[in-house]
Amino acid sequence: MNMHAKTLTATAAALAMVGFAGAANAGGLAEPVVQPAPAPLPAPVPAPVSYGGDWGGFYAGGQLGWGQLDSDAFGDADPDGALYGVHAGYNYDFGSFVLGAELDYDATDISDDATGIDLDSVARFKVKAGYDAGRFLPYVTAGIAQATTSGALDADDDGQFAGVGVDYQFNDSIRVGAEALQHQFDDFDGSGADIDATTIAARVSYTF
Numbered sequence: 005m006n007m008h009a010k011t012l013t014a015t016a017a018a019l020a021m022v023g024f025a026g027a028a029n030a031g032g033l034a035e036p037v038v039q040p041a042p043a044p045l046p047a048p049v050p051a052p053v054s055y056g057g058d059w060g061g062f063y064a065g066g067q068l069g070w071g072q073l074d075s076d077a078f079g080d081a082d083p084d085g086a087l088y089g090v091h092a093g094y095n096y097d098f099g100s101f102v103l104g105a106e107l108d109y110d111a112t113d114i115s116d117d118a119t120g121i122d123l124d125s126v127a128r129f130k131v132k133a134g135y136d137a138g139r140f141l142p143y144v145t146a147g148i149a150q151a152t153t154s155g156a157l158d159a160d161d162d163g164q165f166a167g168v169g170v171d172y173q174f175n176d177s178i179r180v181g182a183e184a185l186q187h188q189f190d191d192f193d194g195s196g197a198d199i200d201a202t203t204i205a206a207r208v209s210y211t212f
């Protein structure tokens, strides 16, 4: 082998070694890139179930309570007894203010043994104004009442009433509450007797 051939062989070998070393260095010096594991997503928390805040719409239900009469016609006695009935109405919810109208009817077990007068029923037309406190609705109410009596005084007559109440939204469909009313019937059916009546009732209503 002549000198020129030896030189080419040595040069080729040197280039091959340089290339191999470069490839080895490139693979050996580069650190592997470790990707961080993605953070786990928080488990969704269900929104709490809440009721209340919307008092608008139709409702109907029933009531059970107690009533007492007061009149000079009964002497020293103030006859009292149970009452039970139904009601239906509609509310407009204006935000913090609620305005509504209602019809209700109570049958009663109130009678005065001394005079023989029985209070059979009381029907009412109510106007209600309340404050929307979320699940609570305190309100005032007033309107016209009609009382029907039997026995020694078989008659019916109109009067007026006013009172207060509060409702609570048990859930989206059911409301419970309480109401106290004061009634006044002047010169009942021309008898000359002024009759006052106080009623207190627990109420349950269904909204739809």
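Following our numbering, the numbering of the sequence shown begins with 5 at its first residue and continues without gaps. Heads up, the beta-carbon is just placed ideally off N, CA and C, and yes, glycines get one too.
Residues that residue i bridges to, as DSSP identifies them
i	result
P142	V170
F62	Y94
T211	Y63
G71	G85 and T203
T119	In the DSSP output, where bridge partners are listed per residue, T119 has none listed.
C-alpha distance - residue i paired with residue j, whole-angstrom precision
i	j	result
G163	W70	19 Å
A77	F174	43 Å
D74	A81	8 Å
G66	E183	12 Å
G104	G196	34 Å
T152	Q186	16 Å
L123	S115	6 Å
F189	D200	6 Å
P83	A156	15 Å
R179	D198	35 Å
L68	K130	18 Å
T203	T145	13 Å
F192	I148	14 Å
F212	D171	16 Å
S177	A205	20 Å
G194	F101	40 Å
L87	G99	34 Å
D160	I121	12 Å
T58	Q150	The residue you asked about is not Thr; residue 58 is Asp in the sequence shown. Looking at the two C-alpha atoms, the distance is approximately 31 Å.
N95	F62	7 Å
Q72	D158	19 Å
Beta-carbon gap between residue i and residue j smaller than 7 Å
i	j	result
G60	D108	no
G85	D113	yes
Y143	G169	yes
R207	G181	yes
V126	D110	yes
A215	A92	Since the first residue shown for the chain is 5 and the last is 212, residue 215 is missing from the structure and cannot be characterised.
Residue i in three-state terms, based on DSSP
i	result
D176	coil
V53	The predicted model places V53 with a pLDDT of 45, which falls under 50 and marks its position as unreliable, so this point remains unresolved.
D193	helix
D80	coil
L87	strand
D136	coil
A30	Here A30 scores only 49 on pLDDT, less than 50, and its place in the model should not be relied on; the value that follows carries that caveat. A30: helix per DSSP, three-state reduction.
D198	coil
G158	Before going further, note that residue 158 is Asp rather than Gly in the sequence given. Coil, per DSSP.
D2	A question about residue 2 goes unanswered here, because the residues of the chain that appear run from 5 up to 212.
D124	strand
G99	coil
H187	strand
Cβ-Cβ separation, residue j to residue i (assumed contact under 8 Å), whole Å
i	j	result
G79	A118	6 Å
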